[in-house]
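Asks:
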Amino acid sequence: MVRKTTLLLRDDVYQMLKEKAGNKKISNLVNEIIIEYFTKKSSMFGSMKHVDIRDLRDHGDRL
Numbered sequence: 007m008v009r010k011t012t013l014l015l016r017d018d019v020y021q022m023l024k025e026k027a028g029n030k031k032i033s034n035l036v037n038e039i040i041i042e043y044f045t046k047k048s049s050m051f052g053s054m055k056h057v058d059i060r061d062l063r064d065h066g067d068r069l
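Here the sequence shown is numbered in my numbering, starting from 7 and rising by one per residue.
(1) In angstroms, rounded to a whole number, what distance separates the CA positions of ARG16 and ARG60?
(2) Can you look up ARG60 in the DSSP assignment and give me helix, strand or coil?
(3) Excluding the five sequence neighbours on either side, which residues of its own chain have a C-beta within less than 8 Å of the C-beta of ASN29, listed in chain order?
(4) Are the beta-carbon atoms of LYS26 and LEU13 separated by less than 9 Å?
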C-alpha cells in the first residue's frame, strides 16, 4: 500500500537525494533510508572488534 505525504527538505538535502537517486527514484531512496533508520537496533552487542585467543595474555604474564 502506498501513501502520499509531503516532506519539507532543505535545498542541500534535496540536491543530494537528486544526485544519488535521480528525479524519479527519490521516494524509493527516502523509504530505504527511513526503514534502515527505524529497524536499526540500539544495542552495544557486537560493537567491539573480534579478538582471537592468541591475542589474549595468559594469567601467568601478569605476575
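Beta carbons are placed, not taken as given, at the ideal position from N, Cα and C, and that holds for glycine.
Replies: Taking the geometry as given:
(1) Using only the alpha carbons, I get a separation of about 51 Å.
(2) In this structure, ARG60 counts as helix in the three-state DSSP scheme.
(3) Taken in chain order, the list of residues that qualify is empty.
(4) The Cβ-Cβ distance between LYS26 and LEU13 does not fall below 9 Å.
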